[in-house]
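Residue numbering for the sequence shown follows the UniProt record's numbering, starting at 1 and increasing by one per position.
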Amino acid sequence: MAEEINGGTSMDSTESRWVIQDDDEDASDLENFDADLRLGRHGGVVDSEEEEDNAEQRLIRTGPRIDSFDVEALEVPGAHRSDYEDISVGKKIVLAFQTLGVVFGDVGTSPLYTFSVMFRKAPINGNEDILGALSLVLYTLILFPLLKYVLVVLWANDDGEGGTFALYSLICRHAKVSLLPNQLPSDARISSFRLKVPSPELERSLKIKERLENSLALKKTLLILVLAGTSMVIANGVVTPAMSVMSSVGGLKVGVDAIKKDEVVMISVACLIILFSVQKYGTSKMGLAVGPALFLWFCSLAGIGIYNLVKYDNSVLRAFNPIHIYYFFKRNSTNAWYSLGGCLLSATGSEAMFADLCYFSVRSVQLSFVFLVLPCLLLGYLGQAAYLMENHADAGQAFFSSVPSGAFWPTFLIANIAALIASRAMTTATFSCIKQSTALGCFPRLKIIHTSRKFMGQIYIPVINWFLLALSLVLVCTISSIDEIGNAYGIAELGVMMMTTILVTLVMILIWQIHIIIVLSFVVLFLGLELTFFSSVLWSVTDGSWIILVFAIIMFLIMYVWNYGSNLKYETEVKQKLSTDLMRELGCNLGTIRAPGIGLLYNELVKGIPAIFGHFLTTLPAIHSMIIFVSIKYVPVPMVLQSERFLFRRVCPKSYHIFRCIARYSHIFFVCSIRSVVIQTFTFILGGLRKS
């Protein structure tokens, strides 16, 4: 039985469901169509996929479907299951606690540097400036992390998977926008597709669907948006550790007057090396280990904020009135616009909530943010503003200066631990994005280590981990100014935010099918604000933050070229495949000796006979009596049931004994090891042969 990862309806393989039926198919035949293909009952059919592609399709409701050929395949060791099915209330609480150490570390440490960067760009000329800057920060926190991500974007997940590639996969499942021409009509019969019942809303969205499917330019544009957003996430994985660690270690300048800038840099380098060295221990273990530390950090933020509100000036509560934002811009004009880049730092880490969704459930992320993270952040910023109302000169180190003297060193220690933990948020998000881009053929296959036996989404990629460490060290050593690093941070964060806004808007129109007024309100509000913030950070791009832009462009080119090469390779194999007429001329013995045994030939083609098979026929003295072409295929669904994973077809007439086995995987459980797939495939085939 397959359940939705974040709760919802379940669907058994024996239940009736909505599927796509071709015009030339009979409804009664469709129920057992997949089983017939697996058993090879279509004995005279040679690659009937071509006829399937040309047929008209419509949604129909089928009766109960019972699989027969893959009974033994269900017993294959290591069969994947849903990460969060049958999750208990206690486990949800544990997951919510773990999110503190994995998801919210980035946004949680933003009070360390937000006001410091803002007031360097827009110096304080009076208490009204503090109220205006505070009001700007408060509403940035409410609009972006809360309204946009927690209340809207998190619901656009692909059954528990977040990030730009998850949005792309969700769109690909509802429209044929993938540039790789390996889609099969049988893919739509996978239970996880969960096609909608026909309705007037669905009919309206079909126009957009058809426009996307028929326009190559729109397909390429959509892919470019996804790759651009992913490259910005990877850039975030570089700049987040540098910014968090540098700002926390910089607190030494408040506690120790004699410390120099170079010493701060060296300490930051040591902290970064330690951070990336422990990344291999996994999200679950590290989340439980650092969750208490982040919980203590958020409590410290709230406690210090309340202390400063009581001791200094509680009139800063007036900042909840947005009129002070207007006064702030009226008094400072250009400097206020220039400070928007610093204000955005309060919302950094918002994208991590979505990108890291594969590690936790939606509810655990929402509960943690609404009831703990957001209140503590608001109190922390209110407390800093209350302190600055009477201490304008300390704006350069607003957070550490506002800490009571007796609590400075404990707070400094907790802040540095929190900064190290914060750096993990975008690192784990980068791992998730790299895994998804690999599944979509947009990134080279790398070694992926699953760090949890239960939660398959929790991964570690050694090469990417050390790559991010090297680039973070370069960034810290070459750009040691917090302002410049903060500007680079803003560029990377806003880049992925804008891409997410555009993709979620498309999801609203194409999949959610909600009223156009709501869609326009969402895109105008958030994309308009993000473009305004982006104009501010771009104004300072010459200060040194251009390095992060160059890095993001390089990553984009790598992914785009790899995707182009993957598509070109597949198209070349399609053009060079052997014709069925040639196979008929060779006869059932294929012009050579057929030796007893089963031969497995791996190839990416899902239709036709690969050209490499002709090379084997001309060079090898004999071939096996049974030939099976094995291909691994990514399917844009969150999960493929083990009973639906292997699609077995007869390629040639029955006497040829040539078959094709397509191993179908989702982007969540995409397997990068061909060896493991071949073992599962061989086990499946032997079990099916015994059954038949």
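The beta carbon of each residue, even a glycine, is placed where N, CA and C say it ideally should be.
Residue pairing by DSSP places valine 137 opposite no residue, since no beta bridge is assigned to it.
Between glutamine 436 and phenylalanine 165, the C-beta spacing is below 7 Å. A direct Cα-Cα distance of roughly 56 Å separates proline 375 from lysine 607. Here leucine 600 is bridged, per DSSP, to Ile628.
Per DSSP, tyrosine 326 is not a residue of any beta strand (DSSP E); the alpha helix (DSSP H) it occupies stretches across 323-332. For leucine 647, the enclosing beta strand (DSSP E) begins and ends at 646-650. With a 10 Å radius around the Cβ and a threshold of 16 neighbouring Cβ atoms, arginine 584 comes out exposed. With a contact defined as Cβ atoms closer than 8 Å, phenylalanine 354 and valine 226 miss out at about 14 Å. Rounded to whole angstroms, the Cβ separation of lysine 280 and tyrosine 139 is 40 Å, and the two are not in contact under 8 Å.
DSSP places tyrosine 381 in the uninterrupted alpha helix (DSSP H) bounded by 374-388. Rounded to the nearest angstrom, the Cβ distance from tryptophan 337 to serine 536 is 6 Å, consistent with a contact under 8 Å. Distances from the CA of leucine 180 to each of Ala407, Pro111, Glu210, Tyr570 were compared; the closest alpha carbon is that of Tyr570.
Collapsing the DSSP output to three states places cysteine 172 in a helix. When C-beta atoms of the stretch 522-535 are compared with those of the stretch 498-513, three or more pairs fall below 8 Å, so the two segments count as touching. Taking one beta carbon from each stretch, the stretch 487-505 and the stretch 124-137 have fewer than 3 pairs nearer than 8 Å; the two do not touch. For alanine 355, the uninterrupted alpha helix (DSSP H) segment begins and ends at 350-355. Every alpha helix (DSSP H) of 4 residues or more that sits fully in the stretch 206-255 is shown, in chain order, as 216-249, 252-255.
Using a 10 angstroms sphere on the CB of serine 231, the tally of other CB atoms reaches 16 or more, which defines it as buried. Annotated three-state conformation of histidine 657 is coil, per DSSP. Counted as a single uninterrupted DSSP element, the alpha helix (DSSP H) harbouring histidine 615 occupies residues 611-619.
Put simply, the backbone Cα of tryptophan 297 is about 31 Å away from that of aspartate 159.
Looking at the backbone, the Cα of isoleucine 224 and that of leucine 586 are separated by about 45 Å.
For serine 402, the enclosing alpha helix (DSSP H) has its first and last residue at 398-402. With a beta-carbon spacing of about 6 Å, phenylalanine 659 and phenylalanine 648 fall inside the 8 Å limit used to define contacts.
In the same chain as tyrosine 312, and ignoring 5 residues on each side of it, the C-beta atoms closer than 7 Å to its own belong to Ala386, Tyr387, Met389, Glu390, in chain order. When C-beta atoms of the stretch 305-325 are compared with those of the stretch 431-448, fewer than three pairs fall below 8 Å, so the two segments do not count as touching. Bounds of any alpha helix (DSSP H) do not take in glutamate 161, whose DSSP letter is neither H nor E. Annotated three-state conformation of tyrosine 665 is strand, per DSSP.
Remark: C-beta atoms of cysteine 661 and valine 630 approach each other more closely than 7 Å. The distance from the Cβ of serine 361 to that of glycine 163 is about 15 Å, inconsistent with a contact at the 8 Å cut-off.
Just measuring C-alpha positions, the residue of Phe399, Ala242, Ile553 sitting nearest leucine 468 is Ala242. Inclusion of serine 277 and valine 245 in the CB contact set at 7 Å is not warranted, their separation being larger than that value.
Ranked by how close their Cα comes to the Cα of phenylalanine 295, the residues Glu351, Leu538, Val103 have Val103 in first place. A contact between stretches requires three or more CB pairs, one per stretch, nearer than 8 Å, and the stretch 338-352 meets this requirement with the stretch 477-489.
Per the C-alpha coordinates, the member of Lys261, Gly237, Pro111 positioned closest to isoleucine 464 is Gly237. The beta carbon of leucine 379 is closer than 7 Å to those of Leu301, Ala302, Gly305, Ile306 in its chain, skipping five residues each way along the sequence.
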